[in-house]
Amino acid sequence: MVSPSKFVRTHLFIPLFALFVVSAVMAIGSVDRSLADYFYSLQGNSWAWKDSWIAEEFFHKGGRTISIFLALMLFAFLALSHFHSSLSPHKKSLVYFFMATAGGSFLVSVLKSALAVSCPWEFERYGGDLFYSGVIEQLFLRNGEGCFPAGHASAGYAWVSAYFFGLYYQSKWRWLGLAIPLIAGMVLGLVQQIRGAHFISHDVWSVAVCWFFSFGLFYLFFKSPSAKLAAPDLLCR
């Protein structure tokens, strides 16, 4: 069993501290600009791969399609839990799983629109029209297309909710539910960075939004994983 205080410490305070440290290092070291410079120069001082089939169709559209398909499958299980006796005990956890996944992605989209931060390709430095400025400055300028946090990467990162779903059942598979979304989000995010659609900080904050949303909703639903209500015949064990 996990005590509530340890749960909050390991799932809220430590990730918050890590986010602060990573953000500070990236700001001080101009990591956004350095990586974008590298990807831009790698493509001959252009975003040559922006509209390539593998970047646009396979990763950009394909990744989003897979995430939507999985969300629909999850919703189907949630709907079945209202009618099928074997799924009925898991109704609440399935509601959480669906809400955390969809809600995390939705929150990222809302923030993107509200914050109006620029994409790399909007700056003169990378072939656009705007003078380059860091993310913090852009939050005040509000003259961008709306690229922060990274929306496409959230198609992967939103599924960190699978970790919390597994945590509710104290399942050993919860770590896979964390690793796969993180890897998927990083791959999708990297492709977008190569296309000039995002800086790496956009991805860092995307996973942060998804993680803290999943954590907050989990805490509201279950208070702590110590309140273990799992049935002995769980499929996720």
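The sequence shown runs 3 to 239 under the working numbering. Using N, Cα and C, we set each Cβ at its ideal position, and we do this for glycine too.
* Asked: Residues in its own chain within less than 6 Å of K94 by CB, not counting five upstream and five downstream?
  -> Within the same chain, K94 has no close Cβ partners at all.
* Asked: Between the beta-carbon of L82 and the beta-carbon of L74, is there less than 8 Å?
  -> No, Cβ-Cβ distance for L82 and L74 is not below 8 Å.
* Taking the alpha carbon of L109 as the point to measure from, which residue in W175, L219 and S5 has its own alpha carbon closest? -> Closest by alpha carbon: L219.
* Residues sharing a beta bridge with F125, DSSP -> For F125, the beta-bridge partners assigned by DSSP are L132.
* To do: Assign E59 to one of two classes, buried (16 or more other C-beta atoms within 10 Å of its C-beta) or exposed (fewer than that).
  => Counting Cβ neighbours within 10 Å, E59 comes out exposed, since fewer than 16 surround it.
* Where V119 falls: helix, strand or coil (DSSP) -> Coil.
* Asked: Contact between the segment 182 to 199 and the segment 47 to 62: three or more CB pairs below 8 Å?
  -> Contact between the segment 182 to 199 and the segment 47 to 62 is present, because at least three Cβ pairs lie under 8 Å.
* Tell me which same chain residues have a C-beta within less than 7 Å of the C-beta of L132, skipping the five on either side of it? -> Here the set comprises S120, E124, F125, E126 and N145.
* Asked: Would the beta-carbon of F150 fall within 8 Å of that of L117?
  -> Taking 8 Å as the Cβ cut-off, F150 and L117 qualify as a contacting pair.
* To which residues of the same chain is V189 closer than 6 Å at the C-beta, ignoring the five residues directly before and after it? -> Contacts found: none.
* Asked: If we count the other Cβ atoms within 10 Å of its Cβ and call it buried at 16 or more, is H84 buried or exposed?
  -> Flag for H84 reads exposed.
* Count the other CB atoms within 10 Å of the CB of Y40; is the residue buried (16 or more) or exposed (fewer)? -> Within a 10 Å sphere around the beta-carbon of Y40 sit fewer than 16 other beta-carbons, which makes this residue exposed.
* **Selected residue, minimal CA-CA separation from A186, among D205, G198 and W175** => Looking at the Cα atoms, D205 is the closest of the given residues.
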